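A.B. asks: Same order as they appear, the protein sequences are chains A and B. Here the first sequence is numbered in this note's numbering, starting from 1 and rising by one per residue. Here the second sequence is numbered in this note's numbering, starting from 1001 and rising by one per residue. Okay, here's the structure, questions in a sec.
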Amino acid sequence: AQKVTQAQTEISVVEKEDVTLDCVYETRDTTYYLFWYKQPPSGELVFLIRRNSFDEQNEISGRYSWNFQKSTSSFNFTITASQVVDSAVYFCALSEGASGGYNKLIFGAGTRLAVHP
Amino acid sequence: EAQVTQNPRYLITVTGKKLTVTCSQNMNHEYMSWYRQDPGLGLRQIYYSMNVEVTDKGDVPEGYKVSRKEKRNFPLILESPSPNQTSLYFCASGRLGGQGTVAKNIQYFGAGTRLSVL
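Structure, rendered in structure tokens:
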């Protein structure tokens, strides 16, 4: 069965600290996609990254980086030198694709990140 | 500007009073979907549509209806709302690529509708 687990419910850090948000997923498909979304206090969902199951290369975008490890079924997200504007709820999501499925996104419960000045 | 528009953004209603949340996209996307977000549960899919007149249930369809009469619109209907439908609702859309999958698997989300049923 498909499942996404974000074990950290809430994380609190002080500005400029590095923080890693954990995501562990379960799927039987060999082709799948993993995502991170940000939900700021205003409530909208902001797409951050998509990664397909055949691409284990880590990615860095400014202060954001993602570590995808199929061996541990993890897709962790690190924010370097955190800022107050990073305060939000972050969702990890999974979509199974090869079987022509209906494109459902399976979300984790989310991690609330609070960055304090 | 490419966008998914939901209305209303906020809604307070009473048990049993029928309501409709509208969703419209201007990207000519075939695929549209509704999710609800609840604390500790993340987002869960309610219904989805692969194209006009083609809709199907997601994981939590009970108490909801949808219709897809036009490509751009995908309204969510609550015929008799109950307090357990108090939630944050998101509409999403995506372009279909090959084999019925969303192109590049990227879906675009609306800003959300916060519904309270008293």
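C-beta: ideal position from N, C-alpha, C; glycine also. Since the model is a prediction, treat every value here as computed from it, not as a measurement.
1. Might you give, ordered along the chain, the residues of its own chain that have their beta carbon closer than 8 Å to the beta carbon of B/N1028, omitting 5 neighbours on each side?
2. Using the three-state DSSP reduction, which class does A/D18 fall into: helix, strand or coil?
3. Could you say if the stretch 1052-1059 of chain B and the stretch 1011-1019 of chain B meet the contact criterion of at least three C-beta pairs nearer than 8 Å?
4. Go through its chain and collect everything with a Cβ distance to A/F77's Cβ below 6 Å, but skip five positions before and after it.
5. Keeping to the same chain, check which residues put their C-beta closer than 6 Å to that of A/K38; ignore five residues upstream and five downstream.
6. If you run the structure through DSSP and keep just helix, strand and coil, what is A/D86?
7. Kindly indicate which residue of A/K70, A/V84, A/R63, A/T111 has the alpha-carbon position closest to the one of A/Y25.
8. If you drop the 5 nearest sequence neighbours on each side, which residues of the same chain put their C-beta closer than 7 Å to that of B/T1086?
9. Among the candidates A/S12, A/I79, A/A1, whose CA atom is the shortest distance from the CA of A/D18?
10. May I ask you to report which of helix, strand or coil DSSP gives B/Q1085?
11. Nearest CA to the CA of B/Y1064: which residue from B/A1092, B/P1039, B/L1019, B/C1023?
12. Quick check: what's the CA-CA separation for B/L1076 versus B/G1110?
13. With a threshold of 16 other CB atoms inside 10 Å of the CB of A/G100, please say whether the residue is buried or exposed.
14. Under a CB-based cut-off of 9 Å, is A/F75 close to chain B?
15. Could you pull the start and end residues of the beta strand (DSSP E) that B/G1042 belongs to?
16. Going by the DSSP bridge assignment, what does A/Q39 pair with across the sheet?
17. Going by other Cβ atoms of all chains shown within 10 Å of its Cβ, with 16 needed for buried, is B/N1084 buried or exposed?
18. Consider the Cβ of A/R28: report whether some Cβ of chain B lies at a distance smaller than 9 Å.
19. Which residues in chain B have a C-beta closer than 7 Å to the C-beta of A/G110? List them in chain order.
20. Over the uninterrupted beta strand (DSSP E) stretch that includes A/N76, give me the two end residues.
21. Just to confirm the assignment, what range does the beta strand (DSSP E) spanning B/K1069 have?
22. Where DSSP assigns a beta bridge to A/H116, which residues make up the other side?
23. Which stretch, first to last residue, makes up the beta strand (DSSP E) that contains A/E44?
24. How is A/F107 classed by DSSP in three states: helix, strand or coil?
C.D. replies: The answer reads as follows:
1. So the list reads K1071, R1072, R1095, once near-sequence residues are dropped.
2. coil
3. no
4. L21, W36, W66
5. V46, L48, A88, Y90
6. helix
7. Residue nearest to A/Y25 within the set A/K70, A/V84, A/R63, A/T111 is A/K70 (criterion: CA-CA distance).
8. L1115, S1116, V1117
9. A/I79
10. DSSP places B/Q1085 in helix when its eight states are reduced to three.
11. B/L1019
12. 13 Å
13. For A/G100, the predicted model reports a pLDDT of 45, less than 50, meaning its position is unreliable; a value from the coordinates is still stated below. Answer is exposed; the Cβ neighbour count stays below 16.
14. A/F75 is outside the set of residues whose beta carbon lies under 9 Å from a beta carbon in chain B.
15. 1042-1051
16. For A/Q39, the beta-bridge partners assigned by DSSP are A/V89.
17. exposed
18. no
19. G1042
20. 74-79
21. Counting along the chain, B/K1069 falls outside any beta strand (DSSP E), and DSSP gives it neither H nor E.
22. A/V14
23. Looking at the DSSP string, A/E44 is not in any beta strand (DSSP E), and its letter there is neither H nor E.
24. In the structure shown, the three-state DSSP call for A/F107 is strand.
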